[in-house]
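These notes concern the structure reproduced below.
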Amino acid sequence: MAIKYYTMKRTLFFLNLILLTASGIFAQPAFRIKGVVLDDSTSLPVAGAFIVCQNTTIGTSSDADGSFSLSVPAGGHDIIIGSTGYENDSRRISASAGETEHVEIRLRKKVKQMDEVVVQASSEVVDGWEKYGEQFRDYFLGKSPFAKSCEIENPTALKFYYLKRKKKLRVKADSAVIIKNNALGYSIRYMLDSFIYDYQTQFSIHSGVTLFTELEGSEEEKLEWKKNREDAYWGSRLHFMRSYYDSALSENGFLLEEVVRKDSSEVFVPLTNPYDSAFYERIDSSEIDVLLVGKYRLHYKDAPMHRSYLEANKYPLSAKGQLSTLELANGFAIMENGYFYEQRDVISSGYWAWKNLADQLPYDYLPEE
1 MAIKYYTMKR TLFFLNLILL TASGIFAQPA FRIKGVVLDD STSLPVAGAF
51 IVCQNTTIGT SSDADGSFSL SVPAGGHDII IGSTGYENDS RRISASAGET
101 EHVEIRLRKK VKQMDEVVVQ ASSEVVDGWE KYGEQFRDYF LGKSPFAKSC
151 EIENPTALKF YYLKRKKKLR VKADSAVIIK NNALGYSIRY MLDSFIYDYQ
201 TQFSIHSGVT LFTELEGSEE EKLEWKKNRE DAYWGSRLHF MRSYYDSALS
251 ENGFLLEEVV RKDSSEVFVP LTNPYDSAFY ERIDSSEIDV LLVGKYRLHY
301 KDAPMHRSYL EANKYPLSAK GQLSTLELAN GFAIMENGYF YEQRDVISSG
351 YWAWKNLADQ LPYDYLPEE
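Read in order, the letters of the sequence shown are residues 1 to 369 in my numbering.
And the structure:
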């Protein structure tokens, strides 16, 4: 199968979407991408550009002549290419093992809009981290116990802007945000494009590029990370996507219910066959198309929600299973490694949103069976 490329201006990652039993990579052999990064206006090479396989432990940088080579596990991925002063380029790829593709990436210089300059100059909060840092952590990293074990190592990279008329908090970064996840054993390099919190709706979104790196640790620490990664994986979005791809939702503990409005209340109607041809289609051996549109409740039956989540939401401590809500705009496609697109068309709330980045695992992680 030929490598498929799709070009996007940017990749969006929503907070409410929202990213390992063993610390391994996929068993399938990899495919390779070779290319060159050039300045779009001058055609000169861009040295030191980052080339990142989004939400994985895989990344590299371009050489002095702009060239690069990247080995990626078979399946679907977003490859993000960028450099300081340039707009990011994003390529969605899917390919079989053993293939090699040669690409030319042309990066455009960033042009700061005048209205953005005015807004930032008039609304930047000088003591932003002290005033909004805790709130940013809660909605960016999440509120789970694992989030409490995360450290943002360079908070001074973050710039906070309060838009008074719109009642929104905006956060940008002048360099990659470095997050040390002491619970899962990762250093996360997050190239934050924008974070916005709306005080009126109490929802937030953020966009950026994520690269995971394994932390070095003792054997005791690695065993703890292994256990915590298991806890993070089972019932997660990644677990759900892989289970759907494998036609094994029920076997893996998932129940999907359609949320139907009846009078003034919501009724949950189980999907007895999530693989009915009305909303499920296998495109080929490496991709499926989920045609569901609307609102759905996802119930993971094999593990309870954390006590702190139940207490914060005033749910009974005896509640069984994990509950998340999915709002699907146009359906989505799932690749064999659990990658899915369009990610902005899948908005989740509930337990998945509560966990967020601190519980997110890279796409090149596989649990031990």
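Think of the CB as a built atom: it goes at the ideal place given N, C-alpha and C, for glycine as much as any other residue.
Note that the structure is a prediction, hence the values are computed from the model and not measured.
_Opening and closing residue of the beta strand (DSSP E) in which LYS180 lies_ = Where LYS180 is concerned, the enclosing beta strand (DSSP E) stretches over 177-181.
_Mapping the DSSP letters down to three states, classify ARG108 as helix, strand or coil._
Coil, per DSSP.
_the segment 141-148 contacting the segment 171-187, beta-carbon criterion three pairs below 8 Å_ = Output reads yes: the segment 171-187 touches the segment 141-148.
*asked:* DSSP three-state label for LYS308, please.
replied: The amino acid at residue 308 is misidentified as Lys; the sequence shows Ser. DSSP places SER308 in the helix class (H, G or I) of the three-state scheme.
_Buried or exposed (CB count within 10 angstroms, at least 16 for buried), ASN356_ = Looking at its Cβ environment, which holds 16 or more other Cβ atoms inside 10 Å, ASN356 is buried.
_TYR132, enclosing alpha helix (DSSP H) - first and last residue_ = Note, TYR132: alpha helix (DSSP H), 128-140.
_If the criterion is Cβ atoms closer than 8 Å, does the pair PRO270 and GLU257 meet it?_
Taking 8 Å as the Cβ cut-off, PRO270 and GLU257 qualify as a contacting pair.
*asked:* Whether or not the segment 227-239 and the segment 193-201 are in contact is what I'm after, with contact meaning three or more pairs of Cβ atoms, one per stretch, closer than 8 Å; do they touch?
replied: In this structure the segment 193-201 does not lie against the segment 227-239, because fewer than three pairs of beta carbons, one per stretch, are closer than 8 Å.
*Return the Cβ separation of SER41 and ALA49 in integer angstroms, given the expectation that the two are a contact with Cβ distance under 8 Å.*
Rounded, the Cβ-Cβ distance is 15 Å, inconsistent with contact.
*Do PRO362 and ASN55 come within 8 Å of each other at the CB atom, strictly closer than that value?*
A contact, by the Cβ cut-off of 8 Å.
*asked:* According to DSSP, is ARG237 part of a helix, a strand, or is it coil?
replied: DSSP places ARG237 in helix when its eight states are reduced to three.
_Less than 8 Å between the beta carbons of VAL209 and ILE80, yes or no?_
Here VAL209 is near ILE80, since their CB atoms are less than 8 Å apart.
*So, helix, strand or coil for TYR351, using DSSP?*
When DSSP states are grouped into helix, strand and coil, TYR351 belongs to the helix group.
_Bridge partner(s) assigned by DSSP for GLY35_ = The partner list for GLY35 (beta bridge, DSSP) reads PHE68 and VAL103.
*asked:* Please classify ASN228 as buried or exposed, where buried requires at least 16 other C-beta atoms within 10 Å of its C-beta.
replied: Here ASN228 is buried: its Cβ has 16 or more other Cβ atoms, across all protein chains shown, within 10 Å.
*What runs of the beta strand (DSSP E), each 3 residues or longer, lie entirely inside the segment 264-309?*
For the beta strand (DSSP E) assignment, the uninterrupted runs of no fewer than 3 residues enclosed by the segment 264-309 are, from N- to C-terminal side, 265-270, 280-284, 287-290 and 294-300.
*Could you name the residues that DSSP lists as bridge partners for TYR197?*
According to DSSP, which records beta bridges pairwise, TYR197 is partnered with LEU169 and SER204.
*With 16 as the cutoff for other CB atoms within 10 Å, does SER264 come out buried or exposed?*
That one is exposed.
*To the nearest angstrom, how far is it from the Cα of TYR300 to the Cα of ASN337?*
Taking the straight line joining both Cα atoms gives about 20 Å.
*Using a threshold of 8 Å, state whether the C-beta atoms of TYR244 and VAL290 are closer than that.*
The answer is yes: Cβ separation under 8 Å.
_Taking only three categories from DSSP, how would you classify ALA49?_
Of the three classes helix, strand and coil, the one that applies to ALA49 here is coil, per DSSP.
*Take the Cβ of GLY142 as the centre, count every other Cβ of all protein chains shown within 10 Å, and call the residue buried at 16 or more, exposed below.*
Burial call: buried.
*Taking C-alpha atoms, which residue in ILE205, LEU255 and VAL46 lies nearest to LYS374?*
In this structure the chain extends from 1 to 369, so residue 374 is not present and cannot be described.
_Residues near SER144 by beta carbon distance below 8 Å, same chain, minus five either side_ = So the qualifying residues of the chain are HIS306, SER308, TYR309, TRP354, LYS355, ASN356, ALA358 and ASP359.
*Helix, strand or coil: how does DSSP classify PRO145 here?*
In the structure shown, PRO145 sits in a helix (DSSP, three-state: H, G or I).
*Tell me ASP78's beta-bridge partners as DSSP assigns them.*
ARG92.
_Is it the case that the segment 341-350 contacts the segment 119-139, given that we only count it when at least three CB pairs across the two stretches are under 8 Å?_
No contact exists between the segment 119-139 and the segment 341-350.
*Straight-line Cα distance separating LYS262 from LEU211*: C-alpha separation (whole angstroms): 44 Å.
*Where does THR213 fall in DSSP's three states?*
In the structure shown, THR213 sits in a strand (DSSP, three-state: E or B).
_Taking the alpha-carbon of GLY129 as reference, which of ARG170, TYR190 and ILE283 has the nearest alpha-carbon?_
Sequence inspection shows Trp at residue 129; the Gly mentioned does not correspond to that position. Among ARG170, TYR190 and ILE283, the Cα nearest to that of TRP129 is on ARG170.
*Leaving aside the five residues before and after ALA22 along the sequence, list all residues of the same chain whose C-beta is less than 6 Å from its C-beta, in chain order.*
Legend: pLDDT at ALA22 = 32, less than 50; position of this residue unreliable, no value from coordinates given.
*Work out the CA separation of SER247 and ASN313 for me, nearest whole Å.*
Spanning the two alpha carbons is a distance of roughly 32 Å.
*Look up TYR315 in the DSSP assignment and say whether it is helix, strand or coil.*
Under the three-state reduction of DSSP, TYR315 is assigned to coil, being neither helix nor strand.
*Inspect the beta-carbon positions of HIS102 and GLY35 and report whether they are closer than 8 Å.*
Yes. Within cutoff.
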